[in-house]
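Here is the structure we will look at, set down as structure tokens.
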Amino acid sequence: MTVVPDFDTIAKAHGHVCPGIALGYKIALEAAAWAGNETKITVLSHTQRCPLDALRYIFDLNSHPDRLTIENTNTGSYVLEKPDGSRLFIDEVPDTKLTSDELHRLKVRAAAKTATPEESDRLQEIRLEMVKNMLATPNEQLFTVREER
């Protein structure tokens, strides 16, 4: 069975905790259940955003880059394929990206290295709340899943 470690392990591998990796974690759980014992899964991703890192981690795609194709259309769509040709399609529901004006403003300041310590703390607080919300949201509100044999 494809093993998915806990969320903290995935987030650490990603480099930070954010709503995108929380979504990726939920997608990875679905993908792992579908993959079963198969380890040689190939992934076609239509985005390079954060959720992809969870799939990279559980299917060891960083060590096997030949099994990952990225066609960056910036849509949250993933096609996973087993060696037998069966496929799993995962598509993010539009507008599920959690954000706010405050979050955007603080991210800009943090990226420019002009955020105060209080703003940095607030940025982390907002991110953690959004992660909590993402993990609590039912999968069907975040993405659709379809199998093809």
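Each residue of the sequence shown is one higher than the one before, counting from 5 in our numbering.
Glycine included, every Cβ here is placed at the ideal spot set by N, Cα and C.
Note that the structure is a prediction, hence the values are computed from the model and not measured.
(request) Could you work out which residue in G89, W38, I31, H68 is closest to T141 when comparing CA atoms only? (result) On the sequence shown, position 137 is the one that residue 141 refers to. The option with the nearest alpha carbon to T141 is I31.
(message) So, with DSSP's three-state summary, where would you put E144?
(response) On the sequence shown, position 140 is the one that residue 144 refers to. In this structure, E144 counts as helix in the three-state DSSP scheme.
(message) If you measure between the beta carbons of I74 and S49, is that distance less than 7 Å?
(response) To locate residue 74, count along the sequence shown from 1; it is residue 70. To locate residue 49, count along the sequence shown from 1; it is residue 45. The answer is yes: Cβ separation under 7 Å.
(message) Counting beta carbon pairs with one atom in the region 133-148 and one in the region 11-30, are three or more of them shorter than 8 Å?
(response) yes
(request) State yes or no: is the C-beta of E85 within less than 7 Å of the C-beta of T120? (result) Within the sequence shown, residue 85 is the residue found at index 81, counting from 1. Within the sequence shown, residue 120 is the residue found at index 116, counting from 1. Result no, Cβ atoms of E85 and T120 do not sit closer than 7 Å.
(request) May I ask you to report which of helix, strand or coil DSSP gives D10? (result) Position 6 of the sequence shown holds residue 10. Reduced to three states, the DSSP call for D10 is coil.
(request) Mark V135 as exposed unless 16 or more other C-beta atoms lie within 10 angstroms of its C-beta, in which case mark it buried. (result) What you label residue 135 is simply residue 131 of the sequence shown in a count that begins at 1. Under this definition V135 is a buried residue.
(message) For I62 and T77, what's the separation of their Cα atoms in angstroms?
(response) In the sequence shown, residue 62 corresponds to position 58, counting from 1. In the sequence shown, residue 77 corresponds to position 73, counting from 1. Each residue's alpha carbon lies about 23 Å from the other.
(message) Could you compute how far the alpha carbon of V149 sits from the alpha carbon of G28?
(response) As a first step, residue 149 must be located in the sequence shown, where it is residue number 145. As a first step, residue 28 must be located in the sequence shown, where it is residue number 24. If I take the Cα positions, the gap works out to 14 Å.
(message) Measuring straight from C-alpha to C-alpha, what distance separates Y82 and A116?
(response) Along the sequence shown, one-based indexing puts residue 82 at 78. Along the sequence shown, one-based indexing puts residue 116 at 112. Going from the Cα of Y82 to the Cα of A116 covers about 32 Å.
(request) Tell me where the beta strand (DSSP E) around I62 begins and ends. (result) Here residue 62 corresponds to residue number 58 of the sequence shown, with the count starting at 1. Taken as a continuous stretch (DSSP letters only), I62 belongs to no beta strand (DSSP E), being part of the alpha helix (DSSP H) at 55-62.
(message) Do E123 and L110 count as a contact pair if the criterion is CB distance below 7 Å?
(response) Taking the sequence shown and counting its residues from 1, the one referred to as residue 110 is at position 106. Taking the sequence shown and counting its residues from 1, the one referred to as residue 123 is at position 119. Yes, Cβ-Cβ distance for L110 and E123 is below 7 Å.
(request) Round the Cβ separation of D64 and I25 to the nearest angstrom and send it over; I've been treating them as touching at under 8 Å. (result) The sequence position of residue 64 within the sequence shown is 60, counting from 1. The sequence position of residue 25 within the sequence shown is 21, counting from 1. The Cβ separation is near 17 Å, so there is no contact.
(request) Answer with buried or exposed for H20, where buried requires no fewer than 16 other C-beta atoms within 10 angstroms of its C-beta. (result) Residue numbering aside, residue 20 sits at position 16 when the sequence shown is read from its first letter. Exposed: under 16 other Cβ atoms inside 10 Å.
(message) Can you tell me whether R60 is buried or exposed? The criterion is at least 16 other CB atoms within 10 Å of its CB, across all chains shown.
(response) Counting from 1 along the sequence shown, the entry for residue 60 is found at position 56. Counting Cβ neighbours within 10 Å, R60 comes out buried, since at least 16 surround it.
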